[in-house]
Amino acid sequence: YVDGSGGGTGPFLPLSGGIVSGPAATGAALVTIENTSGSTATSYGLLVIGGGNSGSGKTFEVRDDSGNTDFIITGDGYSQFYGVVETSSGVRNANGTEAFPSYTFASDIDLGMYRTGANSLGFSTGGDNRLTINSSGNATFTGNVIIGATADTTARLNIVANGETTYFARFKSTQGTGATYGLKTNGTNSEVLAIMNVSSGNRMLAIGENEFAVNIAGVNKLLLNSAGNATFGGTVSGTTATFTTFFGDL
66 YVDGSGGGTG
76 PFLPLSGGIV
86 SGPAATGAAL
96 VTIENTSGST
106 ATSYGLLVIG
116 GGNSGSGKTF
126 EVRDDSGNTD
136 FIITGDGYSQ
146 FYGVVETSSG
156 VRNANGTEAF
166 PSYTFASDID
176 LGMYRTGANS
186 LGFSTGGDNR
196 LTINSSGNAT
206 FTGNVIIGAT
216 ADTTARLNIV
226 ANGETTYFAR
236 FKSTQGTGAT
246 YGLKTNGTNS
256 EVLAIMNVSS
266 GNRMLAIGEN
276 EFAVNIAGVN
286 KLLLNSAGNA
296 TFGGTVSGTT
306 ATFTTFFGDL
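All the letters of the sequence shown, read from the start, carry residue numbers 66 to 315 under this note's numbering.
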């Protein structure tokens, strides 16, 4: 019925090509459109009551002109959209928990995203928190961080890459000249982990199973090999320097 005056239970709204039918449950409306200018809780713009009180009972359904379902509200309060949902003012969800995140999936409801606190965002899998990003932008992982599909999952940080062509990590200082340094394997011996000057491409320090090397300005100044022999690329000098024990040749 249409109630524009605030009273009465007038006839069903005539529909062109549509049907309003009953019976509705006792004391419940099948379709109600009322005056929206009122301030009371019963001043409905549209009220539809019906369907079963279960997920299989459809309280409200909208279809396009081809009969395809666009939107359903089920009897247990779930809404189902069969398409893209666009809003102009955002979507506001409940906080959620790690066990029941607010943003989740129909087939995996303990997987998703939720609010852990003020300006803090959490991600959970299997109902447990795995990642939290706080208001300062700091990220806390509860498990191991793996970069590279074949990494060893027993370590807290795992990075797998072609160290000859890719830096495992880069570090840039905000002070001084702002030099950038990186970690990679270098040269023909890929078993050597090297600290590099990213800008010049020069190796500064290399550590490996059979080699320890120190370079300055791209020139090797100290090399220790697997036999314990040391090669110096300069003059050993100084009045206070003494060697008490040396396992190899100088």
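C-beta atoms are modelled at their ideal positions from N, C-alpha and C, and glycine is treated no differently.
With contact counted as at least three CB pairs below 8 Å, one residue from each stretch, are the stretch 131-143 and the stretch 153-163 in contact? Output reads no: the stretch 153-163 does not touch the stretch 131-143.
For a quick check, are the C-beta atoms of residue 226 and residue 236 less than 7 Å apart? A distance of 7 Å or more separates the beta carbons of residue 226 and residue 236.
In the DSSP assignment, what are the bridge partners of residue 276? DSSP, once it has assigned bridges, lists 290 as partnering residue 276.
Considering just the uninterrupted stretch of the beta strand (DSSP E) at residue 62, what are its terminal residues? In this structure the chain extends from 66 to 315, so residue 62 is not present and cannot be described.
Identify, in the order they occur along the chain, each residue of the same chain with its Cβ nearer than 8 Å to the Cβ of residue 276, setting aside the five sequence neighbours on each side. Excluding positions up to five away in sequence, the list reads 254, 257, 288, 289, 290 and 291.
Please say whether residue 165 and residue 178 have beta carbons closer to each other than 7 Å? Cβ atoms of residue 178 and residue 165: not closer than 7 Å.
Among 262, 209 and 186, which one has its Cα closest to the Cα of residue 201? Out of 262, 209 and 186, 186 has the C-alpha closest to the C-alpha of residue 201.
Work out the CA separation of residue 213 and residue 269 for me, nearest whole Å. So the two alpha carbons sit approximately 26 Å from each other.
Among 278, 283, 284 and 282, the one whose alpha carbon lies nearest that of residue 294: Closest by alpha carbon: 278.
What's the C-alpha gap between residue 241 and residue 155? Roughly 44 Å between the two C-alpha positions.
Do you know whose CA, among 192, 150 and 152, lies nearest residue 169's CA? Of the listed residues, the one whose Cα sits closest to residue 169 is 192.
Can you give the Cα-Cα distance for residue 286 and residue 173, rounded to whole angstroms? Their backbone Cα atoms lie some 59 Å apart in a straight line.
Can you name the residues that DSSP bridges to residue 296? For residue 296, which the question treats as bridged, DSSP gives the partners 288.
Would you grab the beta carbon distance between residue 197 and residue 205 for me? Rounded to a whole angstrom, and I think it's under 8 Å. The beta carbons of residue 197 and residue 205 sit about 5 Å from each other, so the pair counts as a contact at 8 Å.
To the nearest angstrom, how far is the alpha carbon of residue 221 from that of residue 138? Approximately 45 Å, taken between the alpha carbons.
Three-state secondary structure (DSSP) of residue 247: Of the three classes helix, strand and coil, the one that applies to residue 247 here is strand, per DSSP.
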